[in-house]
Amino acid sequence: MEKLACFGGPGSYSHLAALQQDDISSAAIVFYDTFAAVIEAVARKEACAGMVPVENSSTGSITAVYDALQESGCRIGGEIYIPIHHCLLALPGVEMDELQSIYSHAQGLAQCGKFMRAHPRWQGIAYGSTGRSAAKVRRDGIRSQGAIGNRQAAIRYGLRILATDIQDNTTNYTRFLRICRPPSDLRDGNKMTLVLTAPHVPGSLYHILEVFYAAGLNLTHLESRPIYGRPFEYRFYADVVGRMPSDIVKRLEKTCEYVQSLGQYEENTGGEIHAIRSHRGNVGT
Ligand SMILES: O=C(O)C(=O)C[C@]1(C(=O)O)C=C[C@@H](O)C=C1
-9 MEKLACFGGP
1 GSYSHLAALQ
11 QDDISSAAIV
21 FYDTFAAVIE
31 AVARKEACAG
41 MVPVENSSTG
51 SITAVYDALQ
61 ESGCRIGGEI
71 YIPIHHCLLA
81 LPGVEMDELQ
91 SIYSHAQGLA
101 QCGKFMRAHP
111 RWQGIAYGST
121 GRSAAKVRRD
131 GIRSQGAIGN
141 RQAAIRYGLR
151 ILATDIQDNT
161 TNYTRFLRIC
171 RPPSDLRDGN
181 KMTLVLTAPH
191 VPGSLYHILE
201 VFYAAGLNLT
211 HLESRPIYGR
221 PFEYRFYADV
231 VGRMPSDIVK
241 RLEKTCEYVQ
251 SLGQYEENTG
261 GEIHAIRSHR
271 GNVGT
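Counting from -9, one number per residue, gives the positions in the sequence shown under the working numbering.
Dropping the structure here:
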């Protein structure tokens, strides 16, 4: 059976994203405790695909994923946006004022900053994932422990939900990537992630953006990451959406030092995408 490598353990948000992959049965999901381990498992052919978060609408990019992807030689085969509604979880019968230690993934704690600050007696403790945090509270059976995670994790681990929607941002979404080995699963989608470096001369990024503009492509995300061994020089990751010219890489080669497609895939337009778009305007493709 083909396996899907997934971050974070049962009940994590990554698990929810993996369960939405139609071609993978839940029995075929294998969990890894770091983003890099998921990507390495795909590169080593332990799994046919992987699922990792890459970007959150409140806390921004998960840069470790860009770095691991770059080193692995893996590609992006798809994306999925998941609404993130964090809950405060505790053992059955526990009240809020009994809590002292709140476990969650660092992203979960960061996304609930205001809620945590409103309870200064609690100590927020970064733990493997939101799913692993919920499992820990159940396993340890200590009344002063709580976790930040999702409603499904509460059901899975028999925990009480003490508060819902505790994230700072009411429009809290995480974008997940389906990782695959080259060539990517799909090569005719309307979205592409490109990695490129620009020469250190005035206007070089401007000329790269001009290529996207001339091709009628909408730039939905631009991320810069340091290049190892070249202090204060950067590699750009660009997500573009639209009717993809087959020679887009060739067009960019004229202005970039280095350019490579990390994958062409279908833009996620399911579920909550209308809510997401209503906050950033419609994409004209
Ligand atoms: O800890 C989890 O449940 C994860 O899947 C990780 C993760 C992330 O790192 O962004 C995924 C979605 C939420 O943004 C919070 C945590």
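Here a beta-carbon is modelled for each residue, glycine too, at the ideal position from N, C-alpha and C.
Throw me the rounded Cβ distance for the residue i and residue j pair, which I believe falls under 8 angstroms.
i      : j       : result
Leu152 : Leu78   : 5 angstroms
Tyr56  : Tyr227  : 6 angstroms
Ala17  : Glu(-8) : Not quite, the Cβ-Cβ distance comes to about 11 angstroms (not below 8 angstroms), so this is no contact.
Gly148 : Arg128  : 6 angstroms
Measuring straight from C-alpha to C-alpha, what distance separates residue i and residue j?
i      : j       : result
Glu256 : Ile92   : 38 angstroms
Arg150 : Val230  : 42 angstroms
Ile238 : Ile169  : 22 angstroms
Ser251 : Tyr22   : 26 angstroms
Ala58  : Ala26   : 5 angstroms
Ala143 : Gly253  : 32 angstroms
Thr49  : Ala80   : 25 angstroms
His75  : Ala125  : 18 angstroms
Val84  : Arg146  : 18 angstroms
Ser119 : Lys35   : 24 angstroms
Leu167 : Ile70   : 7 angstroms
Pro216 : Pro192  : 19 angstroms
Gly179 : Asn208  : 14 angstroms
Ser51  : Gln97   : 11 angstroms
Pro82  : Gln157  : 22 angstroms
Ser15  : Leu(-6) : 9 angstroms
Ile72  : Ala204  : 32 angstroms
Met86  : Tyr224  : 46 angstroms
Pro235 : Asp130  : 55 angstroms
Arg233 : Leu212  : 19 angstroms
Met106 : Asn46   : 19 angstroms
His95  : Val20   : 19 angstroms
Glu88  : Ile132  : 10 angstroms
Leu184 : Asn258  : 17 angstroms
Val44  : Thr53   : 7 angstroms
Gly206 : Ser194  : 19 angstroms
Lys240 : Ser214  : 21 angstroms
Ser123 : Ala116  : 9 angstroms
Ala31  : Arg220  : 28 angstroms
Gln10  : Tyr218  : 36 angstroms
Looking only at C-alpha atoms, which of the options sits nearest to residue i?
i      : options                           : result
Glu243 : Leu186, Ser236, Ala33 and Pro235  : Leu186
Gly121 : Lys240, Val44, Ala7 and Tyr224    : Ala7
Gln101 : Gly148, Gln135, Thr53 and Asp155  : Asp155
His190 : Lys240, Gln90, Phe222 and Val28   : Phe222
Gln90  : Ser134, Arg220 and Cys246         : Ser134
Cys246 : Ala188, Leu9 and Asp12            : Ala188
His5   : Asp13, Cys(-4) and Val127         : Cys(-4)
Ile29  : Arg220, Glu61, Thr210 and Gln11   : Glu61
Thr210 : Gly219, Tyr218, Met182 and Arg220 : Met182
Quiz item: If you pair each beta-carbon of the stretch 130 to 148 with each one of the stretch -4 to 7, do three or more pairs fall below 8 angstroms?
Solution: yes
Quiz item: Below 8 angstroms, can you find three or more Cβ-Cβ pairs linking the stretch 52 to 70 to the stretch 172 to 191?
Solution: yes
Quiz item: How do the stretch 196 to 208 and the stretch 152 to 171 stand: do at least 3 beta-carbon pairs fall below 8 angstroms, yes or no?
Solution: Because the criterion of three Cβ pairs below 8 angstroms is not met, the stretch 196 to 208 and the stretch 152 to 171 do not touch.
Quiz item: For the 8 angstroms Cβ check, are there 3 or more pairs between the stretch 36 to 53 and the stretch 106 to 114?
Solution: no
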